[in-house]
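Under full-length UniProt numbering, think of the first position of the sequence shown as 1, with each following residue one higher.
Built from N, CA and C at the ideal position, the CB exists for glycine as well.
Computed from a prediction, not measured in an experiment: that's the story for all the values here.
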Amino acid sequence: RCRLHLQAMTLADIVTGDGTRILPKALKGEVEDERPKYYEWPYQPSPPARDWTLWRKLLGSLTLPGLKSTLQQPLREWTDDETHLWLWFFSSDENTLFRRRQEGGFDMYRTRGRRFRPQLMTYRRVPFAVRDELPADAQRTRAYQAQPDEWKHTGSSTDELTEHPTPTTLAQRLEALPKEVRWAIRGFSITGDGVADDGERAAEMIRQGQAIAVSDGSFKDGWGTSAWCITGRQEECSYRLSGKNVVPGWESDQEAYRSEAAGLYAIVSMLEVLCDHHTITSGHIEVGCDGESALNYSIDLTKWVDSGAAHYDIIMATRAKVRKAPITFSFRHVDGHQDTKNPTRRLNRWEKLNVEMDEIAGDYREETMNHREQFRYAGEIEDSPPGVYVRGRKIVSYLGKQLYDMLSTPKLKDYWIHQKKQIPADQWDCIDWD
């Protein structure tokens, strides 16, 4: 009923022009007039207070802790084609607001005095000033009336469909990936024989069934990384695609298993882009990893995985990519750390690559762990089920159990500590409830 009253179909209908914050009117339950109407809405009077309390609680689950309006995950560029219906636009070059007129053209709103941050400035309509066309740099924005004759805007955003040129190289395609997957393929490089190519040799190896991929993870002090490579099966092949990443999530989410899973996700994400870029319609690759459980649950689609599993967000995302890939996968468990466990034995190709990936992941962990805010990504993962957030943090493992514990623990503590008085409060955390 709250959505119906506000005439909000999606979150984009109730956020600022730059997609970073929920509009004050949406939190207050007030209808915003200064946005286009795409539908004929039935009449819905303002719902009762209890409905608005639930509404604000729901919106609060989308915002950062302590910041009631700032979104955890800002919205990205506009992806619809409704620019011709939009009311407000902002030109940074001209520092001017434009409002679409019903009869055609655009009214102009300008500010006077020094130029500060545009969102903090007030704009007044320029009498008799009408522009037939928008400036080339004009972007969609949302504006509100600060005073009877003064307007402010809430930031602006580009139209995704017209802003970005079509990538032509493999590296450009990787750079253009959305952040939900781009985190996995950082540090991408092509090395060895044929480094001047655009991944063609890797594509041919996949088509011929001669490609292999190896990954490994590293974890220490709540910080995880992984490294991966795609190369040829032959011992003498020096050509490879490779990369490394910081494992997504917060410190409490991290463990060695998650790092192993992140490396496998990176491999299948890279393969997805490579297959699309080189129009690979059939082929095969064998994937190796020393994390046997992560390998089995990520690549073996005969195994059952759901949101009750450890690190289901990455595991299920990897499986989704494997399932829709145009190529087939096989996998093998690689014995890890063979350079130290068997220092006198000649290592096979898989073991050598595993040692290399372990070293790269470890070095990258040391390189990034003291700059966590710069490298951390804790948002959605492409092809993963939609995230469930509690107090601003996404649940990445054992979803049902964690939700049950969060809902039931306060009642249990009250019952045993305060009502029955059988468990001292300072001993509650010492009990293994499993």
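Return the chain-ordered list of same chain residues with a C-beta closer than 6 Å to the C-beta of Ala8, the five sequence neighbours on each side being excluded. Ile14
Around the C-beta of Thr162, are 16 or more other C-beta atoms found within 10 angstroms, so that it is buried, or is it exposed? Annotation note: pLDDT 44 at Thr162 (below 50); position unreliable, no value reported.
Expressed to the nearest angstrom, what Euclidean distance is found between the alpha-carbon atoms of Val31 and Thr16? 14 Å
Counted within 10 angstroms of its Cβ, other Cβ atoms place Cys289 as buried (16 or more) or exposed: Around the Cβ of Cys289, a 10 Å sphere holds 16 or more other Cβ atoms; the residue is buried.
DSSP state of Tyr398 mapped onto helix, strand, coil: coil
Out of Arg258, Asp253, Ile190, which one is the CA nearest neighbour of Gly232? Among Arg258, Asp253, Ile190, the Cα nearest to that of Gly232 is on Ile190.
Which residues does DSSP pair with Ile230 in a beta bridge? Ala213, Leu241
Continuous alpha helix (DSSP H) stretch holding Pro24: start and end: Its alpha helix (DSSP H) spans residues 24 to 28.
Start and end of the beta strand (DSSP E) containing Tyr109? Segment 106 to 110, the beta strand (DSSP E) holding Tyr109.
Status (buried if at least 16 other CB within 10 Å, exposed otherwise) for Lys28: Here Lys28 is exposed: its Cβ has fewer than 16 other Cβ atoms, across all protein chains shown, within 10 Å.
What does the Cβ neighbour count give for Tyr364, buried or exposed, with the cut at 16 atoms within 10 Å? Looking at its Cβ environment, which holds 16 or more other Cβ atoms inside 10 Å, Tyr364 is buried.
Which first and last residues belong to the alpha helix (DSSP H) in which Cys2 is found? 2 to 6
Spatially closest choice to Gln73 from Ala425, Tyr377, Tyr398, Arg131, by CA coordinates: Tyr377
Cut-off 6 Å between Cβ atoms - residues of its own chain near Met270, not counting five sequence neighbours on either side: Ile185
If you measure between the beta carbons of Leu97 and His153, is that distance less than 7 Å? Cβ distance < 7 Å, so Leu97 and His153 count as in contact.
Whole-number beta carbon distance between Thr168 and Ser156, since they are thought to touch under 8 Å: Contact flag wrong, Cβ pair sits at about 28 Å.
What's the gap between the Cα of residue 458 and the Cα of Gly19? For residue 458 there is no data in the structure shown, the boundaries of the chain being 1 and 434.
Can you find at least 3 beta carbon pairs, one from the stretch 171 to 182 and one from the stretch 142 to 151, that sit closer than 8 Å? no
Can you find the residues in the same chain that come closer than 7 Å, C-beta to C-beta, to Ala317, ignoring five residues on each side of it along the sequence? Tyr265, Ile381, Glu382, Asp383, Ser384
Cβ neighbour criterion (16 or more within 10 Å) applied to Ser282: exposed
Using C-beta distances below 6 Å, list every residue in its chain close to Val246, excluding the 5 sequence neighbours before and after it, in chain order. Thr225, Thr368, Phe375
Could you spell out where the beta strand (DSSP E) holding Arg332 opens and where it closes? 328 to 333
Tell me whether Cys430 is buried or exposed, calling it buried when 16 or more other Cβ atoms sit within 10 Å of its Cβ. The residue is exposed, with fewer than 16 neighbouring Cβ atoms inside 10 Å.
Measure the beta-carbon distance from Arg35 to Leu71 and round it to whole angstroms, keeping in mind my assumption that it falls under 8 Å. Contact between Arg35 and Leu71 is absent: CB atoms are separated by about 18 Å, not below the 8 Å threshold.
For Leu59, which residues of its own chain have a beta-carbon under 6 Å away from its beta-carbon, when the five flanking residues on both sides are left out? Ile22
Chain-order list of residues whose beta-carbon lies under 7 Å from that of Val305 (same chain, five-residue window excluded): Sequence-distant Cβ neighbours of Val305 in its own chain, meaning closer than 7 Å and more than five residues away, are Tyr297, Tyr312, Ile315, Met316, Arg319.
If you run the structure through DSSP and keep just helix, strand and coil, what is Lys324? It is helical.
Can you tell me where the alpha helix (DSSP H) with Gly199 in it begins and where it stops? Element bounds for Gly199: n/a, residue is neither H nor E.
Whole-angstrom Cβ separation of Leu301 and Arg332, contact assumed at under 8 Å? So it is not a contact: roughly 16 Å between Cβ atoms.
Beta-carbon contacts of Pro135 that lie in its chain and below 7 Å, excluding the five residues immediately before and after: Ser91, Asp93, Glu94
Applying the 10 Å Cβ sphere with the 16-neighbour rule, what's the burial state of Glu260? buried
Would Asn354 be called buried (16 or more neighbouring beta carbons within 10 Å of its own) or exposed? buried
Range of the contiguous beta strand (DSSP E) that encloses Tyr144: 139 to 147
Can you give me the C-alpha to C-alpha distance between Pro424 and Asn342, rounded to a whole angstrom? Here the alpha carbons of Asn342 and Pro424 stand approximately 52 Å from one another.
So what does DSSP say about Arg56, is it helix, strand or coil? helix
So, for Gln338: in the same chain, excluding its five sequence neighbours on each side, which residues have a beta-carbon less than 6 Å away from its beta-carbon? Leu347, Glu351
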